[in-house]
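Trainee:
Residue numbers (our numbering), protein chains in the order written: chain A, 1 to 135; chain B, 1 to 169.
1. The beta strand (DSSP E) that contains residue 55 of chain B, what's its start and end?
2. Taking Cβ to Cβ, would you say residue 114 of chain A is nearer than 8 Å to residue 74 of chain A?
3. Using only CA atoms, which one of B/145, B/22, B/62, B/69 lies nearest to residue 114 of chain B?
4. Between the region 52-84 of chain A and chain B, which residues of the former have CB atoms less than 8 Å from a CB of the latter, in chain order?
5. Say whether chain D places a C-beta atom closer than 8 Å to the C-beta of residue 11 of chain B.
6. So, is residue 132 of chain A buried or exposed, given that buried needs 16 or more other C-beta atoms within 10 angstroms?
7. So, does the CB of residue 71 of chain B fall closer than 8 Å to a CB anywhere in chain A?
8. Say whether chain B places a C-beta atom closer than 8 Å to the C-beta of residue 89 of chain A.
9. Could you check whether residue 47 of chain B and residue 73 of chain B sit closer than 8 Å to each other, using their CB atoms as the reference points?
10. Mind pulling the alpha helix (DSSP H) runs of 4 or more residues that sit fully within the region 82-163 of chain B?
11. Throw me the rounded Cβ distance for the residue 57 of chain A and residue 135 of chain A pair, which I believe falls under 8 Å.
12. Does residue 69 of chain B pass the burial test, meaning 16 or more other C-beta atoms within 10 Å, or should it be called exposed?
13. Are residue 128 of chain B and residue 20 of chain B closer than 8 Å when you measure CB to CB?
14. Given a cut-off of 8 Å on the beta-carbon distance, is the pair residue 93 of chain A and residue 111 of chain A in contact?
15. In the DSSP assignment, find the unbroken beta strand (DSSP E) run with residue 174 of chain B in it and report its ends.
16. Is there a Cβ of chain B sitting closer than 8 Å to that of residue 131 of chain A, yes or no?
17. Hey, how far is the Cα of residue 136 of chain A from the Cα of residue 36 of chain A?
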């Protein structure tokens, strides 16, 4: 069972990475048009679930990071972001906080405070408890 | 600068509030034993994702949770060698008196300056909000203490040097 999973993973990994590259091109164009919230939505929605491949996760993280750093107006972002993205955004925020890079951490801390106010402690607990879909 | 400190502490406070849901859980391997699962890490189903919250390259906080225990490890900002030595001495002083603090761990986790271990028993005896307030207050006070210590070392050094060199005037 685990063997077949790995086989499927290898095939999917390439497909997922091409999809992520597609996404990053779309996001670059959205950022040029000054639409950071749309860019973030695009970055978050195609997140590969259940992938254990580190490369896919890092590739997706780079894309999300790019979109996150481009956001200047945090309150405005939340007014247009759907609640279904809150959980996955929280997971990426914690990944950003673990990097230790000063501007990333500043931005992530700012968004984290507002996101907790909006989504509550349940969002944090879901990101802690979800060991299967780790980002 | 102060605003990042406030955001950092708010983030840690929120994460702790969410993570501090502890219940009694007897050991699965050995009967009649009750061990803090976060320390042993024998069963992966009992552990939650560890979370690392960095304020910048020098300061960070690692929060690891499990079903019956929670471990918080802090790395305090150390700007120069003197602060390095003062922090180590001061925190070693506190860690050796861990019995009095109850939630303090005797040895910090590798790579960090000080660690707390909170178990379900602590949550039963003490209020969860007060525990979280204690940890956040501790983080604020540590910075103040270290800068006070540094200032007193510098003052004392200056006084001693002045007195000593007076005899050569």
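Don't be surprised by glycine CBs; every beta carbon is placed ideally from N, CA and C.
Mentor: Here's the rundown:
1. As a first step, residue 55 of chain B must be located in the second chain, where it is residue number 55. Premise fails: residue 55 of chain B is in no beta strand (DSSP E) and is neither H nor E.
2. On the first chain, residue 114 of chain A is found 114 positions in, with the first residue counted as 1. On the first chain, residue 74 of chain A is found 74 positions in, with the first residue counted as 1. Taking 8 Å as the Cβ cut-off, residue 114 of chain A and residue 74 of chain A qualify as a contacting pair.
3. Here residue 114 of chain B refers to the residue found at position 114 when the second chain is read from its first residue. Ranking the options by Cα distance to residue 114 of chain B, first place goes to B/62.
4. none
5. Here chain D cannot be found, since the structure's protein chains are A and B.
6. Counting from one through the first chain, the residue named residue 132 of chain A turns up at place 132. By the 10 Å Cβ count, residue 132 of chain A comes out exposed.
7. For the purposes of this step, residue 71 of chain B is taken as the residue at position 71 of the second chain. So no, residue 71 of chain B is outside the interface.
8. Translated into positions along the first chain, residue 89 of chain A becomes position 89. By this cut-off, residue 89 of chain A is not an interface position.
9. Here residue 73 of chain B is taken as the residue at index 73 of the second chain, counted from 1. Here residue 47 of chain B is taken as the residue at index 47 of the second chain, counted from 1. No. Outside cutoff.
10. 98-101, 120-125
11. Within the first chain, residue 57 of chain A is the residue found at index 57, counting from 1. Within the first chain, residue 135 of chain A is the residue found at index 135, counting from 1. Rounded, the Cβ-Cβ distance is 7 Å, consistent with contact.
12. The sequence position of residue 69 of chain B within the second chain is 69, counting from 1. Buried, by the Cβ-count rule.
13. To locate residue 128 of chain B, count along the second chain from 1; it is residue 128. To locate residue 20 of chain B, count along the second chain from 1; it is residue 20. The answer is yes: Cβ separation under 8 Å.
14. Here residue 93 of chain A refers to the residue found at position 93 when the first chain is read from its first residue. Here residue 111 of chain A refers to the residue found at position 111 when the first chain is read from its first residue. Closer than 8 Å, so yes.
15. Outside the displayed span of chain B (1 to 169) sits residue 174 of chain B, for which this structure offers no information.
16. One-based indexing of the first chain puts residue 131 of chain A at position 131. By this cut-off, residue 131 of chain A is an interface position.
17. There is no way to answer for residue 136 of chain A, as the model of chain A reaches only from 1 to 135.
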